[in-house]
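Since the structure comes first, as structure tokens, the remarks are kept for the end.
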Amino acid sequence: MREATISTDVETRPPRQEMRQRLARWASAENLLAAILFVVLFYVPYLVAGYTVYILPQYMLFGVLAMTLCLLWGLGGMVSFGQGAFFAIGAYALGITLQRVETQASPWLGLLVALALGAAVAGVIGYFLFSADVRDAYFVLVTLAISTIVYVIANSQSDLTGGFNGMFIERVTFAVPGGVSLSMASDLAMYYTVFAFTLLAYLGFRLLQASSFGRVLVGIRENEDRTRALGYNTALYKTLAFAISGGVAALAGALYATDAGFVSPSLGGVLFSTSVVVWVAVGGRDYFVGGLIGAIAISMLSNKLNSLIPEFWQLLLGVLFVLVIVFFRRGLIGSLLLVPQYLRGRRG
Amino acid sequence: MERIISLGLEIGSATLILALVSMGLALIFGLVRVINMGHGAMLALGAYLAWTLTGNGVPFPLAVVLATVGVGLVGLVFEVLVIRHFYEHPFETLLISWGFYLVVTELIKIIWGSTLKNIRNPIPGTFSIGEAGIGRYEAVVCLVSLVLLLGTGFVLYRTSVGLKVRAMIQNREMALMLGVNAPRMYRSVFVAGAAMAGLAGALIAPMFSIEPDMGTLWLVRSFFAVIVGGLGAIVGGTLVGSALIGGGTVLFALVSKQVFAQTVVFALAVLALRFRPVGLLGRR
Amino acid sequence: MTTPSPGFDRRALMKAGLFGASAFALPPLLTACSPKSSDGNGGSSDGPIRVGVISPLSGAWTVYGKAHSAGFELAVQEINEAGGTLGREWELVIADSKTEPQIVTEQANRLVREEQVDFLAGTFSSAERNAAGPVATQADKLLLYPTFYEGQSQEFYPGVCNPNIFMFGPEPSEQVWPHMEYMVEKHGGKFFMIGSDYVWPRETNRLTKQKLEELGGSAVGEVYIPFNTPQYGSVISQIKRSGADVVFLSLTGSDTVNFRRQFAAAGMKDNFVVWTVDDEEAATSGIGPDATEGDYVSFDYFWSIDTPNNEKFRAKVKEQHPDVIMNTVGVAMYNAAHMTAMAIEEAGEVSTEGIRSALEGMTFDGAPQGSITMRAEDHQAVLPSYLVQAQPNWTGPDDMFKVVQSVDSVEPATAQCDNLPLSEA
Chain A
71 MREATISTDV ETRPPRQEMR QRLARWASAE NLLAAILFVV LFYVPYLVAG
121 YTVYILPQYM LFGVLAMTLC LLWGLGGMVS FGQGAFFAIG AYALGITLQR
171 VETQASPWLG LLVALALGAA VAGVIGYFLF SADVRDAYFV LVTLAISTIV
221 YVIANSQSDL TGGFNGMFIE RVTFAVPGGV SLSMASDLAM YYTVFAFTLL
271 AYLGFRLLQA SSFGRVLVGI RENEDRTRAL GYNTALYKTL AFAISGGVAA
321 LAGALYATDA GFVSPSLGGV LFSTSVVVWV AVGGRDYFVG GLIGAIAISM
371 LSNKLNSLIP EFWQLLLGVL FVLVIVFFRR GLIGSLLLVP QYLRGRRG
Chain B
-10 MERIISLGLE IGSATLILAL VSMGLALIFG LVRVINMGHG AMLALGAYLA
40 WTLTGNGVPF PLAVVLATVG VGLVGLVFEV LVIRHFYEHP FETLLISWGF
90 YLVVTELIKI IWGSTLKNIR NPIPGTFSIG EAGIGRYEAV VCLVSLVLLL
140 GTGFVLYRTS VGLKVRAMIQ NREMALMLGV NAPRMYRSVF VAGAAMAGLA
190 GALIAPMFSI EPDMGTLWLV RSFFAVIVGG LGAIVGGTLV GSALIGGGTV
240 LFALVSKQVF AQTVVFALAV LALRFRPVGL LGRR
Chain C
1154 MTTPSPGFDR RALMKAGLFG ASAFALPPLL TACSPKSSDG NGGSSDGPIR
1204 VGVISPLSGA WTVYGKAHSA GFELAVQEIN EAGGTLGREW ELVIADSKTE
1254 PQIVTEQANR LVREEQVDFL AGTFSSAERN AAGPVATQAD KLLLYPTFYE
1304 GQSQEFYPGV CNPNIFMFGP EPSEQVWPHM EYMVEKHGGK FFMIGSDYVW
1354 PRETNRLTKQ KLEELGGSAV GEVYIPFNTP QYGSVISQIK RSGADVVFLS
1404 LTGSDTVNFR RQFAAAGMKD NFVVWTVDDE EAATSGIGPD ATEGDYVSFD
1454 YFWSIDTPNN EKFRAKVKEQ HPDVIMNTVG VAMYNAAHMT AMAIEEAGEV
1504 STEGIRSALE GMTFDGAPQG SITMRAEDHQ AVLPSYLVQA QPNWTGPDDM
1554 FKVVQSVDSV EPATAQCDNL PLSEA
């Protein structure tokens, strides 16, 4: 009898080569850059002390905020000028929870409230808009309005938020049943907690990117009508993406609140939200590590150059922003990551 | 009775001033489908140019005209150098125009400094109808706004140029096939939009604080006025949108605190957007 | 057919994993040291005295930023010319707050930890001061705060009621109360209050209403405007219908400019008197003479007040900072610097504890507005109070205001702090 042998590619290709290919994918320029970044961030407190250790957690949280925009914009093609609003919602959520609920578990509760609130607000607004196919410029404007509204509400509801004068939040202590607790009062504890959070967020986003959810989002970005025609409920996917980005942004905001110790309405305002767009645009919207580096690098430079040349630095940033959009569509990091590919192509 | 007149004057003034500020945006958005995020900077530039000119003895009306031309020129340069390469990519254009806003605002700070500036009220005094009144200059600005709206409407609906523009808005492929020169039209529209923004800035300068960020005040409001009014319905849409946003705020402020009035109006605008995405008078 | 050797590739994978893990774990084991702890070693006891100044050099309130930093710089120049303090010169490290409280937190930390300043001065708005409060407490450094503000209430600790913060600007009982009787008698007791929507206007209005009712007047309107509101038509109509005598203004930033210009253009000044507690010389310059003529302003200091100290002060400002419009905030910074210098001399050392004790109760006779005292109990400056009126067609700060009435020294209301005196808090 004849044996029906169907030789598939998978069987005939030597497993060694397959493993090597998989390894090559893992060791892509992007992952390498991310690995280097995280290793460097891990070792910063070993090399320097004082102010840098104090300030980097804030910038890492900005980086997480930038990554939420990468999810929306880089993957899903939706520009949001309102991520700052969710950051502020999370910050205030933690602050208000700590004020109203005074138990050992309050910090955890606060984080939970922040996450839930950010995701819920984003989800509701998202569904409301996407189910009516509001997109592109209209969506941008609504996110702009969200920032404005959050700012106005935070300012005027002083009983709740402390209003313009802001709200104070102490460095919390995270406790787990069993008596183990970690106080954020120490700069080092804060630093590594935020580091862990940032790393987890990065890995989470990358997994999301590689999953089918991520692929559908990219499909929506490329051509939403076609994706819908293929049977996907695009409104639902976009809403989910918006909700995830809102929730994570709020979580980052909550951690920021306890790190900086002080929250004021400008955190949710238009100025801050548009800064996030600049970070992601300059860093590179298609790569989560691009947004991360963009946020950290620009914030650090802004800080360093603070008193030196305030107006010229802003001008430079604006020009850089325009140049990046016009010439380096993939952002500076994005363009950097293309270099190895380019070199390889040249050689081959 | 006087309260009604007074209210009417308020609503009318809020509407017309917002319409004046939003016209340039509506024009560019209507034809080129681009949200010009740099609109606020063009507004500010118009105000600053008017300030410098009046400061050097130029009579106010002439200063307004020169400021309009000046901003139009800046818009032209920007269009030729950057924007015209990106009409096919609305997102990029949105971001680039935002970059324009950032750069121009910083340049204004560097050139003119950040101290508050002002222009003397060119037409002091008020028109009164009993207890109800309106500042004379404010009334004149409203009149100019009305004239601008009517003028634009005239050009769009009664001239061949306007016909071509409307054809492009309604059916681009057809218009191109019929020989409309798209790049030239886009350029003219963009420059006209910029010039209108400059005009608005120069005109409102005596009524408001002249500072580098003055355009941001109007940003979200004018965007919503244009969008709620309707994509493509440049004259009618702007008027209706401004009435709803501007007049709406006035009405709500009657019964609630200012902060609620403003928030509610934005929320309603978002609602309107959702239920009628093309705007009240627009068509896809 | 080659037999695959999964072992090799699995090993390769394991090697990669081990490398990754060791990248994170190995060096600490090798070096056997822990991450450096941020030890905040203070400044050295010789070398210059370093002061961190946080000013709004850019952002929404840049107009005030110039006087703010110039006032301090002028004082430091005088101090250094006289040989410094304890033989040490003063060195300024200026940071831009960008009018953003978040940036203030960042910069205050940078000044204290990286630049290792001996104390902080500045911040402008209450929100900025509140942002710097925790830093002042954590790092145990003093903050000298110059701006007119809403007074101290424990709920905003550590931005107020903080042993490390000294208030050199007036609060409502000093800025408003002394002139209420005059205004009510001269113009009437019906006040329409309009302010920006945040704590300073709200608190100021609350305290003003209190005093107003004592004098038999009443607040016929109280409106709070969110920031960046361009059009005031409806508010102006409301004022018209209210039958008010005095429009009591606590609007700030561009809102006060927009409101006052529209108010004037609507012809409202014919029937209403305006009293603002925010618009000093810089803001008034921005609004213009046509819209400000005849309006009342009250502060602890004005450029044009007639004291012997102020004549000399004005000459110095014109010489050193000719394009700065000096105002109450700049003068408060000036006073703060000089008083701190005196405190350091008295304490004999540059330490938070020493300066604090010396500053408490100190009197400074060299202030441009005359003699001022820093009240020990709550760290509030005891200041004079001036009510001025804007002149028609003024051309600049020299002829902008004319003093209508003045009080040499006003005892401020007691701070609503839980632990007074602050030094024992």
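Protein chains in written order, with this note's numbering: chain A, 71 to 418; chain B, -10 to 273; chain C, 1154 to 1578. Note that the Cβ used here is the ideal one computed from N, Cα and C, for glycine as well. Quick caveat: nothing in here was measured; it's all calculated off a predicted structure.
Listed along chain A are S228, G232, G233, F234 and N235, each with a C-beta nearer than 9 Å to that of V1352/C.
Taking the C-beta atoms as reference points, I1207/C is found nearer than 8 Å to T1276/C.
Excluding the 5 residues flanking it on each side, G361/A has same chain C-beta neighbours closer than 6 Å at A136, M137, C140, V350 and G353, in chain order.
Out of V264/A, R276/A, I403/A and F198/A, the CA that lies nearest to the CA of L306/A is found in F198/A.
Along the segment 200 to 279 of chain A, the alpha helix (DSSP H) occurs as fully enclosed runs of 4 or more residues at 206 to 226 and 228 to 231, listed in sequence order. Closest in C-alpha terms to N1317/C, from the list D1552/C, S1510/C and G1514/C, comes S1510/C. Proximity of A1280/C to chain A, defined by a Cβ-Cβ separation below 8 Å, is satisfied.
Bridge pairing for S1306/C: Q1569/C [DSSP].
Within the same chain, and ignoring the five residues on either side of I97/B in sequence, the residues whose Cβ sits closer than 8 Å to its Cβ are A30, A33, L34, Y37 and P201. Following the DSSP letters along the chain, one finds S281/A in no alpha helix (DSSP H), marked with neither H nor E.
The alpha-carbon separation between M260/A and L325/A amounts to approximately 9 Å.
In its chain, beyond the 5 residues on either side, L179 have a beta carbon closer than 7 Å to the beta carbon of V171/A.
DSSP places T1429/C within a strand segment (E or B) once states are collapsed to three.
R296/A and I216/A have their C-alpha atoms roughly 30 Å apart.
Annotated three-state conformation of I118/B is strand, per DSSP. In this structure, F391/A lies near G88/B, with their beta-carbon atoms less than 8 Å apart. Contact of W207/B with chain C is assigned, a C-beta pair being separated by under 8 Å.
Taking 8 Å as the upper bound for CB-CB distance, R1413/C and I1440/C are in contact here, some 5 Å apart. Around S251/A, the same chain offers T243 and A245 as residues with beta carbons nearer than 6 Å, after the five sequence neighbours per side are excluded. CA-CA distance, K1422/C to T304/A, rounds to 58 Å. Contact between E1375/C and M1336/C is absent: CB atoms are separated by about 17 Å, not below the 8 Å threshold. Scanning its chain for C-beta atoms nearer than 7 Å, with the 5 sequence neighbours on each side dropped, one finds around V288/A the residues L145, in chain order.
A direct Cα-to-Cα measurement between K1219/C and L1227/C gives close to 12 Å.
Sequence-distant Cβ neighbours of S103/B in its own chain, meaning closer than 8 Å and more than five residues away, are E200 and P201.
Sequence-distant partners of L258/A (beyond 5 residues in either direction) whose C-beta falls short of 8 Å from its own C-beta, in its chain, are P115 and V123. L1404/C and G1348/C do touch by the CB rule: their CB atoms are close to 6 Å apart, below 8 Å. Excluding its 5 nearest sequence neighbours in each direction, G1341/C has C-beta neighbours in its own chain below 7 Å: D1398 and V1399, listed in chain order. Close CB contacts of E1506/C within its chain, under the 7 Å cut and outside five residues either way in sequence, are absent. Closest in C-alpha terms to Y1377/C, from the list N110/B, G64/B and A242/B, comes A242/B. A direct Cα-Cα distance of roughly 8 Å separates E1242/C from I1232/C. DSSP, reduced to helix, strand and coil, places F1380/C outside both helices and strands of the structure shown, so it counts as coil. Chain-order list of chain C residues neighbouring L362/A: empty, with the shortest C-beta distance near 18 Å, by a criterion of under 8 Å. Three or more beta-carbon pairs drawn from the segment 206 to 221 of chain A and the segment 191 to 210 of chain B are found closer than 8 Å, and the two stretches are therefore classed as touching. As a beta-bridge residue in DSSP terms, Q1558/C pairs with L1540/C. Distances from the alpha-carbon of A222/B to those of H28/B, G19/B, A214/B and L55/B put G19/B closest.
Relative to the Cα of D1476/C, the nearest Cα in the group P1254/C, T1437/C, A1223/C and G1200/C belongs to A1223/C.
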